[in-house]
Amino acid sequence: MSKKALLIRCCLVMFIMTITAGLAQQSSTKMIQPPYLKAGDTVAIVAPSGILNNREAEVERSKTLLKSWGLNVVVGKHVFSKANHFAGTDDERCEDLQKVLDDPTIKAIWAARGGYGTVRIIDKLDFTKFKEHPKWIIGYSDITVLHNAMNNLGYESMHAMMCTSMTDEKDLEETIATFKKALFGESLLYTLAGSSYNRVGKVTAPVVGGNLTILQTMLGSKSSIDTKGKILFIEEIGEYKYHIDRLLQSLKRAGYFDQCVGVIVGDMTKIKKNTTPWGTSIEQLILDELANYSFPIAFNMHAGHEPDNRAMILGRTVQLTVDSEQSTLVFE
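Take 140 as the starting number for the sequence shown in the working numbering and just add one per residue.
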C-alpha cells in the first residue's frame, strides 16, 4: 500500500471514530434527575403565581398528605400574601421561590397553585445554587414556565397536582397515587383510552411541554424550549376553540413541530363556546393543525386541569405506543 493510500485510510478511520464518539456522547446525554424523595426529606410549598383566596384548607390538606408519607413540610412566607391578582408582589413571590431554590435541605418545591404570575419573576431567579443541589419542581398550568426553565437548564421536573388540587380526595385517588409514585421514584406506566382521532405509531423520546398558552407565551424568549427529537405534551383550560387554533398556529409557525417526534394531548378542559361555532371537535381541530406531520398523536391523557391529573416526569425518556384501541405511555 502506498504512503498516500495509507494516509487516506488513516484519516478515514479517525473521521469515523470521531463521528461515532460524537454520536455515542449525544445518545448518552440525559437530563439530570433530581434525587427521589425518602422519608425525612423536606418539601417546600410556595406560590409563584396566582392569589390563594380562601385556600388555606387545601394547603393544610396538602401538608397533611406529605406528612403522612413521612415528609417534612415548610410553607413559604408569602404563600397567603395578596397583591392584586397575585400571591404577593413579584418581589415577595420571587423571594419565597429563590429561598427554597437555594436551600440544600429542600428536596422538592411544590407550587400551591397556578393561575398567572410566574412569567413575571422567572428572569429574576438565580439557579446557581439549585444546580449544586437539584430538587424537584412540581406543578402544572402556569408552572409550565418553571418546567421550561428546568428543561433548558437540563433538569427533569414534575408535571403533577398542586395544593389547590386537594379538594375532595375521593376524586383524586389516581392523582395522589401517581404523585406519590413520581416523588418516591416508582415506575410510571399509563394506559390511555383509545380514540378514533389517534394517529398510530410508536416512538421513544423525551417528553416535554405543559400548558399550551404558556408554551406559546414563551416563544421568542430564552424560556422557549427545543422540541427537536422530543414528544410534546399539551393541555389547556377555559379557551375558545379558535384561540386553541391560534396557539397551535403560533407554535407551528415557530417550528415547534418541524422536528418533534410525537404529541400527547392531555385534558382540554372547559372549552368555551363561541357565538360562531368552530365546526369541528377539539380533537379534529388539533389533527387538522398537525396534518402535515407524520408523528404519532395520542389523545386521552389524564393530565391537566381535571381532578384526575396523572403525574408526568418532564424531560424523561418515554415509550409512547399509539393505536386506535388504546395508547401506552411508559416512563423509563
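Note that beta-carbon positions come from the ideal geometry of N, C-alpha and C, so glycine has one too.
For a cutoff of 7 angstroms on Cβ pairs, would you count residue i as touching chain C?
| i | result |
| --- | --- |
| V457 | Of the chains in the structure shown, none is chain C; there is only one protein chain. |
Thinking C-beta only, is residue j closer than 7 angstroms to residue i?
| i | j | result |
| --- | --- | --- |
| G215 | V258 | no |
| V469 | L328 | yes |
| S362 | N439 | no |
| K409 | Y379 | no |
| V239 | A321 | no |
| N448 | T314 | yes |
| L101 | A316 | The first residue shown for the chain is 140 and the last is 471, placing residue 101 beyond what the model contains. |
| D230 | H217 | no |
| L205 | F323 | no |
| I260 | R232 | yes |
| L424 | D397 | no |
| S188 | D281 | yes |
| Y294 | I171 | yes |
| A250 | M289 | no |
| G418 | A442 | no |
| L386 | L351 | yes |
| H298 | M407 | no |
| I376 | V284 | no |
| Y336 | E445 | no |
| L453 | S326 | no |
Tell me the residue span of the alpha helix (DSSP H) that contains residue i.
| i | result |
| --- | --- |
| M289 | T283 to L292 |
| I190 | Unbroken run through I190: none, as it is neither H nor E. |
| L426 | I421 to E428 |
| L322 | E312 to F323 |
Give me the DSSP bridge partner(s) of residue i.
| i | result |
| --- | --- |
| G88 | Here the chain has residues from 140 to 471 only, and residue 88 is not among them. |
| I403 | F372 and A437 |
| K411 | Y379 |
| V182 | V212 and A247 |
| Q172 | Answer is none; Q172 lacks a bridge partner. |
| V469 | L328 and Q458 |
| V339 | BP columns for V339 are empty, so no partner. |
| L453 | S296 |
| A344 | V457 |
State the CB to CB distance for the pair residue i and residue j, rounded to an integer number of angstroms; the pair is presumed to be in contact (CB under 8 angstroms).
| i | j | result |
| --- | --- | --- |
| I364 | N291 | 6 angstroms |
| I190 | A247 | The pair is not a contact, with the Cβ atoms about 23 angstroms apart (cut-off 8 angstroms). |
| G348 | F318 | Rounded, the Cβ-Cβ distance is 18 angstroms, inconsistent with contact. |
| K341 | T460 | 5 angstroms |
| S466 | A437 | 4 angstroms |
| P243 | P173 | Actually they are not in contact, since the Cβ atoms of P243 and P173 sit about 12 angstroms apart, beyond 8 angstroms. |
| M305 | E471 | Not really, about 29 angstroms apart at Cβ, beyond 8 angstroms. |
| Q355 | L390 | 6 angstroms |
**Item:** Runs of alpha helix (DSSP H) wholly within the segment 213-277 (minimum 4 residues, chain order)
**Value:** 229-241 and 267-271
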